[in-house]
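Down below is the structure, laid out as C-alpha cells.
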Amino acid sequence: MSNPPPLFTLDTYQIEESIGYLLARSRAMLVKSSDESLMPYGITHAQGAIILMLSTGKYSTAADLARETYTDAASTKRMVDRLVARNLIKREPCAQDRRLMKLHLTADGVELSKLVPQAFCSVLNKHFSEFSAEEIGFLKSMLRRLLASNSPPEKTH
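Just so we're aligned, residue 797 is where the sequence shown starts under my numbering, counting upward by one.
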C-alpha cells in the first residue's frame with residue numbers, strides 16, 4: 797500500500813495561501829479587535845483569556861495556563877503578575893504541596909469574568925457576520941480535529 801502524495805509541496809507553496817499564515821493573520825486580527833473591545837476594562841485579550849480560563853475551574857496554576865495557551869512560562873508569569881497587581885487574581889500555596897502556587901480569581905476577577913465573554917462574543921459576531929452557523933460549526937470541527945490529531949496522548953495513571 798503506497799502513501800498518498802503530500803498535500804503541500806514546495807513547487808506550489810505561497811506564503812499568502814499558507815494555512816499557517818492564514819490562521820496566524822486571522823488570530824492576530826481577532827486578538828487586536830479583542831484588545832480594543834477589552835480596553836474599557838484595562839485588560840488585554842490574553843489577560844481576558846486567563847481570567848476566563850481560571851473562571852472555569854479547569855486550570856489552577858501558571859503552568860496549566862502556559863501549557864494550554866502554548867505560552868512560555870516567563871510570559872505567563874508576567875501576565876499573572878500584572879493580574880495579581882490589578883487585584884483580579886490571587887496566588888495561594890497549594891495545601892498538598894506548599895511549593896505550588898494555586899491561582900484564584902478575586903471578587904473583582906469574578907465580576908470581570910462575567911463581562912469578558914460579551915466582549916469576545918461581540919468581536920466574533922463582527923468578524924464572522926458573513927458566515928452561517930453551519931460554516932462556523934464546520935470550521936470549529938476542523939480546528940478541533942487538527943488539535944486532537946496533533947495533541948500528545950493522554951497519560952493514564
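Note that CB positions come from ideal geometry on N, CA and C, so glycine has one too.
Contacts around G838, its chain only, beta-carbon distance under 8 Å, and the 5 residues preceding and following it disregarded = R882
At 4 residues or longer, and completely inside the stretch 820-908: list those alpha helix (DSSP H) runs for me, N to C.
-> 841-852, 858-865 and 869-881
Simplified DSSP state of N946, which is helix, strand or coil | coil
Three-state class that DSSP yields for H953 in the structure shown | With a pLDDT of 49 at H953, under the threshold of 50, the modelled position of that residue is not reliable, and no figure is offered here.
Is it true that the stretch 840-858 meets the stretch 869-882, where meeting means three or more beta-carbon pairs spaced less than 8 Å apart?
-> yes
According to DSSP, is N799 helix, strand or coil?
-> coil
What's the gap between the Cα of L806 and the Cα of I847?
-> 41 Å
Burial state of H953 (16 or more Cβ within 10 Å) = The pLDDT assigned to H953 is 49, lower than 50, so where the model puts this residue is not dependable; a value taken from the coordinates is nonetheless given after this. H953 is exposed by the Cβ-count criterion.
Determine the direct distance from the alpha carbon of F916 to that of P836, and round the result to whole angstroms.
-> 13 Å
Quick one: using the 10 Å Cβ neighbour count with 16 as the cut-off for buried, is T872 buried or exposed?
-> buried
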